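Chains as they are written, first to last, in the working numbering: chain A, 1 to 306; chain V, 307 to 588.
Ideal placement from N, C-alpha and C gives every residue a C-beta, glycine not left out.
Fair warning: this is a prediction, and the values are worked out from it, not measured in the lab.
So the structure is just underneath, and the comments pick up after that.
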Amino acid sequence: MHLLHILHRHRFAYLMLLPGLILSGMFVFYPIFAAVFYAMQDWSGFNADIKFVGFQNFVDLFRDPIFWNAFGRSIYFLAGTVPAQLVLSLMLAMVLNNQLLKLSNLFRTMVFLPVVTPVAVIGIVWTFLLSPFNGPINGLLLDIGLIARPIDFLGSSDTVMPSVIGVYVWKWLGITLIYWLAALQTVPEDVYDAARLDNCKGLRLVVLVVLPIIMPFAVAITLITMVSALNVFPLIMSMTNGGPFFGSEVMEIFIYRTAFASDDGTIPRLGYAAAAGVLFGLMILGLTILQSLATRMARRRAEGVA
Amino acid sequence: MKRLIFGDHQPTSRIALISLAMTALCLIWIYPFVWMLATSLKSNTEIFGNPGLIPESWAWENYARAWTEANMGRYFFNTLFVTVGSVVLVTFATSLMGYILGRFEFPGRTLLFVATVSTVFVPQGFTIIPVFELLSAMGLSTGLLGLTLATSGNAIVIFVVLFAGYFSQLPKELEEAARVEGVSQWQIFWYVMLPLAKPMVVTVLIMQVLNAWNDFLLPLVITLANPAIRTLSVGIYAFKGEQTIDWTGMAAAATISIIPVVLLFILLQRYFINGLAGAVKG
């Protein structure tokens, strides 16, 4: 009776929540719980042959070097892309934010072009560009004499991760640029004038004057950039399939391969893959908490000094 | 570089210098696109003999081959269906949910809000298996409808959070005035609040278009069993797997798959830029 009363009183709110609740329930909330459930099963996915194994999958994962390598590469990827993307796009935004630069919008459009291009297309075009067989980049490097033999950028385990990281930053720099430009527009013009009077220029200007003003944006931009960098599956899949010899296998590729496409002929292991997903999610959550704690501490210390 | 910008002597020559440097940088930046376009118009023998960007003979037949052999026409329609469908669904569902979360008090609000915010960080790899199983159980795992639904559910939480933040900032008097007039709750939302949230609607619309057009893991998994519903991204990926030597056909297929979204971007550029900027402002 009481529950019905509440439901009736707020019927409008609950009713309007319904479409969003159904969608997020199906594709966000339910999958999180289901993933944890699947993670405790031994299950190939194709039949009803599903067996509860408790934490066995997690125990196996902890002993699985392929999992740890994939995890390490995911972190490597995050560390390689996020700072580079943030810093380079901020530098570019500072240049393009100049009122006197008439062609600013045109430049912005050109830098943004890779963002609107589907990732899989980007990946495939870059495999051609980086190809050791007649690829234009190797052609250029050979012509100007920088290298003597073509480099197999995506075929060698030394160069594959840096190459993929480079292409990722190229692809998404434009979107971070837009975010920074939006943030920079909130900096009043007279701040620059004042800084100039104080002879504050270059890096000092950015770090001491501009960044503190746009700090709330900077936090949001960093978060968005990090979340996006977790979705590297399409780029790596279309460029290398995770190869050569797992050389670019990040977490998502590991999960996909274990669950759906074990090309080495073994049966798919959905339970094991789900466990990897859960473990990866938890570790990302842990890293996020650590990072936000560190940010908070750094800010508190900065306030203490000031 | 910063000194170049903020120094005040000889501003014109400085600006000219920056413009020149930026032009060079941007041309290098878009070189992959130029190369792709050039390759799509060369013959398969020419790509090895002619490293230049201007084709000797314009091989338009590459496009015909990509359209029919690589099935680009079909995949094009699929991608359009998923994009339009998910944009409509997502905008409708997230604006409503954001409106309620941002402006209403009701039992369970805090719980729902916390639950929503805390899932923003969940990586797609975490949820892909249950999503696939759920669609299979509902008999939707091999159709465009299932793909559209799952694409909609993909990034929904971040949009809800954005809408909730936006709606919560609007003044309270708006609804009160309308309520006095005897306008229904639904009409207040539809005719008063949603139009006011137009900047955020545009943001969500643009971000979802990019999401849907870029999505790969989900369509790849869902189309494993039914190649007929492949999207452009998956289609061109499959084409690469089948045809390792047909560079020109591949370049033509790639060009086909990016033309609509690039045109859309160039035409609606202002909305794209402002819309995305709204994501960090909100």
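Suppose the cutoff is 8 Å on Cβ atoms and the five residues either side in sequence are ignored; what does the same chain contact list for A:A306 look like? Interpretation of A:A306 is limited by its pLDDT of 44, a score under 50 that renders its predicted location unreliable; no figure is taken from the coordinates.
Helix, strand or coil, according to DSSP, for A:Q99 in the structure here? coil
Identify which residue in A:T295, A:A274, A:L290 and A:T288 has its Cα closest to the Cα of A:D60. A:A274
Output yes if chain V places a C-beta closer than 9 Å to the C-beta of A:W126; else output no. yes
Strictly under 9 Å for the Cβ-Cβ distance: is V:I360 near chain A by that measure? no
Check the Cβ-Cβ distances between V:W519 and every residue of chain A, and say whether any is below 9 Å. yes
Contiguous alpha helix (DSSP H) assignments of at least 4 residues, all confined to the segment 362-413 of chain V: 367-375 and 378-409
Quick check on V:W553 - is its C-beta less than 9 Å from some C-beta in chain A? yes
How big is the Cα-Cα spacing for A:V209 and A:V187? 10 Å
Short-range partners of chain V found in the segment 148-179 of chain A, where Cβ spacing is below 7 Å: I175, I178 and Y179
Less than 9 Å between the C-beta atoms of A:Q41 and A:N97, yes or no? no
Please identify the residue among V:T389, V:A399 and V:T374 whose C-alpha is closest to the C-alpha of A:G20. V:A399
Alpha helix (DSSP H) containing A:Q56: first to last residue? Q56 to F62
Counting only beta-carbon separations shorter than 9 Å, does A:Y256 have a partner in chain V? yes
Output, in chain order, the set of chain V residues within a Cβ distance shorter than 8 Å of A:L78. Near A:L78 there are no residues of chain V at all, since even the closest Cβ is about 11 Å away, more than 8 Å.
Return the CA-CA distance between A:L88 and V:W553, expressed in angstroms with no decimal places. 32 Å
From the DSSP output, read off the bridge partner residues of A:F52. A:Q41
Are V:V426 and V:V467 touching if we call contact CB-CB under 9 Å? yes
Partners in chain V for A:I221, counting only beta-carbon separations shorter than 9 Å: V586
Assigned exposure category for A:T295 - 16 Cβ within 10 Å defines buried: exposed
Do A:V232 and A:V250 have their CB atoms nearer than 9 Å? yes
Check this for me: beta carbons of A:L17 and V:M403, under 9 Å apart or not? yes
Using the Cβ count rule (16 or more neighbours within 10 Å means buried), how would you classify V:A330? exposed
Counting contacts by CB-CB distance shorter than 9 Å, is V:K308 in contact with chain A? Because V:K308 sits at a pLDDT of 47, beneath the cut-off of 50, its placement in the model cannot be relied upon, and the point is left open.
Are at least three pairs of beta-carbons, each pair with one atom in the segment 383-390 of chain V and one in the segment 535-547 of chain V, less than 8 Å apart? yes
List the whole-angstrom C-beta distance separating A:A276 from A:F77, where the pair is believed to meet the contact cut-off of C-beta under 8 Å. So it is not a contact: roughly 16 Å between Cβ atoms.
Nearest-angstrom Cα separation, counted from A:M26 out to A:L270: 19 Å
Helix, strand or coil at A:C200 [DSSP, three-state]: coil
With H, G and I counted as helix, E and B as strand and the rest as coil, what does DSSP make of V:R309? With a pLDDT of 49 at V:R309, under the threshold of 50, the modelled position of this residue cannot be trusted, and the question is left open.
Going by C-alpha distance, which of A:D158, A:F29, A:V116 and A:A70 is nearest V:I564? A:V116
Just the Cα atoms here: how many angstroms apart are V:N532 and V:M378? 15 Å
From which residue to which residue does the alpha helix (DSSP H) around A:S24 run? R11 to S24
For A:F27, decide whether its Cβ has a neighbour in chain V, counting only Cβ atoms nearer than 9 Å. yes
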